[in-house]
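Numbering (numbering that gives the first Met the number 0), first residue to last: 0 to 543.
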Amino acid sequence: MKKLVILILITTTLNLFSEGSNDPKNEIYRDIDRWRNIGLIERLPPIRPYSTQFIISLLKEVQKRGSKTESKKAKEYLNHYTKNSLDFILNTNNYTNLTDFKTFSGLTAKANIVPKKFATAGLDIRVYGINRTTGIITSPNRNIGIDVNEDDSSFEFNGSRIDILQSLNLNAAFGNEEFWLQTGIMPSSFGPLFDNSVVFNPNTRQSAHISYTWRHKNFMLSSMFMPLIASNNIGQGTFDDKYLHILSYDFKFTNFWEFQFYESATYGGHGIKPIFFLPFNELFYAAGMGGTSDVNSMMGASSRFQLPQNISLTGTVYADDLHMNNMLKLRFDSKMKLAAQFEINWTPKKLPLNFAKISYTAVMPYMYTHMASTTGGGANGWANEVTTEKNYENYTHYGKSIGPYGMEPNSDLVALNFSVTAPFKIGIDLNLEMRRHGNSSSPNDRNAPAGTENTIPTDGSIFDSGFDWAGNYLFQESNPFLNQSLVEQLLFAELLIKSPKIKLPSGELSADAGISYVYISNYKLVKDNLFESLFIKFSLGYKF
Numbered sequence: 000m001k002k003l004v005i006l007i008l009i010t011t012t013l014n015l016f017s018e019g020s021n022d023p024k025n026e027i028y029r030d031i032d033r034w035r036n037i038g039l040i041e042r043l044p045p046i047r048p049y050s051t052q053f054i055i056s057l058l059k060e061v062q063k064r065g066s067k068t069e070s071k072k073a074k075e076y077l078n079h080y081t082k083n084s085l086d087f088i089l090n091t092n093n094y095t096n097l098t099d100f101k102t103f104s105g106l107t108a109k110a111n112i113v114p115k116k117f118a119t120a121g122l123d124i125r126v127y128g129i130n131r132t133t134g135i136i137t138s139p140n141r142n143i144g145i146d147v148n149e150d151d152s153s154f155e156f157n158g159s160r161i162d163i164l165q166s167l168n169l170n171a172a173f174g175n176e177e178f179w180l181q182t183g184i185m186p187s188s189f190g191p192l193f194d195n196s197v198v199f200n201p202n203t204r205q206s207a208h209i210s211y212t213w214r215h216k217n218f219m220l221s222s223m224f225m226p227l228i229a230s231n232n233i234g235q236g237t238f239d240d241k242y243l244h245i246l247s248y249d250f251k252f253t254n255f256w257e258f259q260f261y262e263s264a265t266y267g268g269h270g271i272k273p274i275f276f277l278p279f280n281e282l283f284y285a286a287g288m289g290g291t292s293d294v295n296s297m298m299g300a301s302s303r304f305q306l307p308q309n310i311s312l313t314g315t316v317y318a319d320d321l322h323m324n325n326m327l328k329l330r331f332d333s334k335m336k337l338a339a340q341f342e343i344n345w346t347p348k349k350l351p352l353n354f355a356k357i358s359y360t361a362v363m364p365y366m367y368t369h370m371a372s373t374t375g376g377g378a379n380g381w382a383n384e385v386t387t388e389k390n391y392e393n394y395t396h397y398g399k400s401i402g403p404y405g406m407e408p409n410s411d412l413v414a415l416n417f418s419v420t421a422p423f424k425i426g427i428d429l430n431l432e433m434r435r436h437g438n439s440s441s442p443n444d445r446n447a448p449a450g451t452e453n454t455i456p457t458d459g460s461i462f463d464s465g466f467d468w469a470g471n472y473l474f475q476e477s478n479p480f481l482n483q484s485l486v487e488q489l490l491f492a493e494l495l496i497k498s499p500k501i502k503l504p505s506g507e508l509s510a511d512a513g514i515s516y517v518y519i520s521n522y523k524l525v526k527d528n529l530f531e532s533l534f535i536k537f538s539l540g541y542k543f
């Protein structure tokens, strides 16, 4: 019992108390999205997290223009953001799939610093105790939403291995609501949709972050830079000197139409390229004319339409490589390395329904994949270099895709999401998903001499770059999007319940619970392989 008490005391939160702005998964971003959809605020930048200065300006606008309920909620946020604070949170999170049980507990220290209007800072330090004897129990299409720094601190307790891990999340912002520069170590995201993105997903593991945003009347300029961790061509190993730049231009043409053009550059192995930091730049042109080789350049565009009855329509298309010759001939069944995302969102002004939305996400075959430019073909190429060459150009960080969470190339997703505020301020979310995924590559390497089959990935993952053993591109003249005879299919249903914060004499108490069911046929692209499970979680937190 003594060890258990010590474990609970030294071990933190899954954002039950989520006032901090330096994590794009925090609850305030969902409220900001709601306030935009009902017309209280506008012109939200694509880069998150936002600076504290900008968030304060949004909250003041909601407090001035919103209903009594919305103004009260904005005031509660303002009470936190406009003053220096230091909070400690004790939390325990429990997961089970009815056959195994895991705990994830800890202590968090959060600091919010507002020394002057033009300079703010946030700090989030966490220490965790994790029962990982057989791993954290979560659904295959969900994660625990926490970044940790792995080390060797652990001990045995009641037959289980308890790992002691820590997490650091910090940011500093300089400027005002019209222009700010932000830097820190924190999770980040980019895109028109706050909860998932085909450009930079908020569930991506944190990294160093440098960004600037300029909001000027009906125009915005945004830029984000992040160092990433590289791997080899099949996702193994960790190597530094990999970088990502994203640059976007946003235009508000009318009161109901916003348009955005954006670009990215992923590269490494030769140090940071200062030319990509220039504003009003064109990254593809800069890569070629600025003397920068071995860059994976991508570009995209987004549109958002605000329709009557608080209905918004948002879409974005993000492209890596297109067969332009065929497209000019109006032949669209051709090479299209792109991802697209569309969402219809209805946000009533009056509760209890916070929002109801339906979205569709498609990732074309071989999108986000890229073989290292130094890797060759033929007998002295793929077979010898696929595991030895560092890949600085594929769209990964720590060997995981930074595109839409849980989606491999050649997949699509339909999602329905509902959020309700029940009596006593109890939050209820219902999430339904249907996902498909297929393998576009042949089971064995085409053109491979006998004995050299399977020397490059042909598994349909982000490391399956679409080249065969001889260096030929597998779908130069066709686009095999989900037309395979074997397709993995996922069905998912999730119900989440979150309590309001209960004020106590010495602090605040909060709790949430969730139950989810997942059914996957042809799991991991193995015929008739079935995965089916029920997941339950319960979290309890106390802030003092």
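By construction, the Cβ of each residue, glycine as well, lies at the ideal position given by its N, Cα and C atoms.
Predicted model only: the values in this text are computed from it and were never measured.
Under 8 angstroms between C-beta atoms of residue i and residue j
i, j, result
"N478", "M363", "yes"
"D463", "S484", "no"
"G183", "N202", "no"
"Y94", "K424", "no"
"Q340", "V525", "no"
"N168", "N21", "yes"
"N96", "I136", "yes"
"K542", "D123", "no"
"N140", "V486", "no"
"G426", "K497", "yes"
"G402", "A361", "no"
"N390", "S230", "yes"
"I55", "T81", "yes"
"L490", "D428", "no"
"T237", "N36", "no"
"Y367", "P408", "yes"
Nearest candidate by alpha-carbon position, reference residue i, set the options
i, options, result
"R47", "T386, E476 and D32", "D32"
"L246", "N280, Q235 and N175", "N280"
"T51", "F156, F117, T265 and L524", "F117"
"T253", "Y367, F218 and N232", "F218"
"T315", "N416, K82, F189 and H244", "F189"
"G299", "P278, L412, L321 and P499", "L321"
"Q259", "F304, Q475, Y365 and D239", "F304"
"N130", "N295, K101, N111 and G405", "K101"
"G234", "F417, S400, K523 and K67", "S400"
"S296", "N309, T265, F276 and Q308", "T265"
"L227", "I27, T212 and H208", "H208"
"S301", "E26, P191 and A338", "P191"
"P351", "G459, I40, I112 and T420", "T420"
"N200", "G144, S152, P139 and S532", "G144"
"S159", "G128, E69, F474 and E493", "G128"
"K109", "A120, D99 and F103", "A120"
"K59", "V486, Y76 and S153", "Y76"
"R435", "S410, E476 and S56", "S410"
"S358", "M366, I343 and K349", "I343"
"F331", "F154, T212 and F480", "F480"
For residue i, the first and last residue of its enclosing beta strand (DSSP E)
i, result
"A118", "A118 to N130"
"H244", "F238 to K251"
"V113", "F100 to K115"
"Y284", "That residue, Y284, is in no beta strand (DSSP E); its alpha helix (DSSP H) goes L282 to M288."
"W256", "W256 to G267"
"D511", "G506 to S520"
"L495", "V486 to K497"
"T203", "First-last for T203: undefined, no H or E at that position."
"T95", "S84 to T95"
"A229", "F218 to N231"
"W179", "F178 to M185"
"S546", "In the structure as shown, the chain begins at 0 and stops at 543. Residue 546 is therefore absent and cannot be evaluated."
"Q165", "S159 to G174"
"I271", "No beta strand (DSSP E) contains I271, which DSSP labels as neither H nor E."
Inter-residue CB distance, residue i and residue j (contact presumed, cutoff 8 angstroms)
i, j, result
"Y248", "L220", "6 angstroms"
"R204", "H396", "6 angstroms"
"N90", "L539", "7 angstroms"
"K336", "A318", "7 angstroms"
"Q62", "V126", "About 35 angstroms; that fails the 8 angstroms criterion."
"N232", "T457", "With 8 angstroms as the limit, N232 and T457 do not qualify as a contact, their Cβ atoms being about 12 angstroms apart."
Delimiting residues of the alpha helix (DSSP H) encompassing residue i
i, result
"H79", "K67 to Y80"
"E60", "T51 to R64"
"M323", "M323 to L327"
"D32", "E26 to N36"
Any non-hydrogen atom of the ligand ADP closer than 7 angstroms to residue i Cβ
i, result
"S66", "The ligand ADP is absent from the structure shown, which contains no ligand whatsoever."
**Request:** Would you list, in sequence order, the uninterrupted alpha helix (DSSP H) runs of no fewer than 4 residues that lie entirely inside the region 397-435?
**Result:** none
**Request:** At 4 residues or longer, and completely inside the region 307-357: list those alpha helix (DSSP H) runs for me, N to C.
**Result:** 323-327
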